[in-house]
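Data block below; observations after.
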Amino acid sequence: MEVGQAQMTEKLITVGKIANTHGIRGELKIVPETDFPERFDKGNSLIIVDSQNKQTPVTVQTSRLHKNLFIVQFAQFSNINEVEKFKGSLLKIEAKNQQPLEEGEYYYHQIIGCKVVTEDGQELGLVSEVLTPGANDVWVVDLPKGKQLLLPVIDDVILKVDIAAKTIRIHLMEGLME
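Dropping the structure here:
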């Protein structure tokens, strides 16, 4: 069963990418792009989105972890010929099916595109990327004139995140704007 784009108005969130086929029984190698690997557990519903943005709802039949990849077979397919066309496609979920996060935690897609303003109201730019170098995340803010500001995600810098208003209020510590 395929669902046309007009029917699916819910925002979709990427949870994996189909890297390749595995064997001849219709299994696929999935590169996970989620902190919740249980997304690939038996019985879970996902949506394959191909390069033409065609959406195919699927249900996980079997799944196992192998060398940092998931080997997944979907209930809708039983041989390699049926799944070969999905190589390079994304696996997505509807936004309403996201795992709830603790207070003060955010999904990347919620942060990217947020307007960053200083505590005195000066607009700096928009968050374009989230980096995860180690101890804390770093939000990349695109500034005017092609420059970037790297914001460490720490309490001393990030004062308030308003996801509904897509706004982040920050304390511009000395040395950040160099």
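The numbering used here applies: residue -11 is where the sequence shown begins, and numbers increase by one. Beta carbons are placed, not taken as given, at the ideal position from N, Cα and C, and that holds for glycine.
query	result
Secondary structure of G73, DSSP reduced to three states	Checking the displayed sequence, the identity of residue 73 turns out to be Lys instead of Gly. Looking at K73 - three-state DSSP - the assignment turns out to be helix.
Selection from Q49, L34, M161, G101 that minimises the alpha carbon distance to Q61	Q49
Beta-carbon spacing of I36, H97 below 9 Å	no
Minimum C-alpha distance to N69 - residue among Q43, V118, G11, N85	G11
Close-in-space but distant-in-sequence residues of the same chain around T9 (CB under 8 Å, 5 per side omitted)	E15, L16, K17, I68, V71, E72, K75
Of the residues I99, G101, V3, the one placed nearest V19, counting alpha carbons only	V3
F58 classed as buried or exposed, judged by whether at least 16 other C-beta atoms fall within 10 angstroms	buried
Burial state of I151, where buried means 16 or more other Cβ atoms lie within 10 Å	exposed
CA-to-CA distance, F24 to A38, given in whole angstroms	Before going on, a small fix: residue 38 reads as Asp here, not Ala. Cα-Cα distance, rounded: 22 Å.
Cβ neighbours of S77 in the same chain (closer than 8 Å, five flanking residues each side left out)	K5, I6, I36, V37, D38, S39
Any 3 or more C-beta pairs closer than 8 Å across the stretch 108 to 125 and the stretch 78 to 86	no
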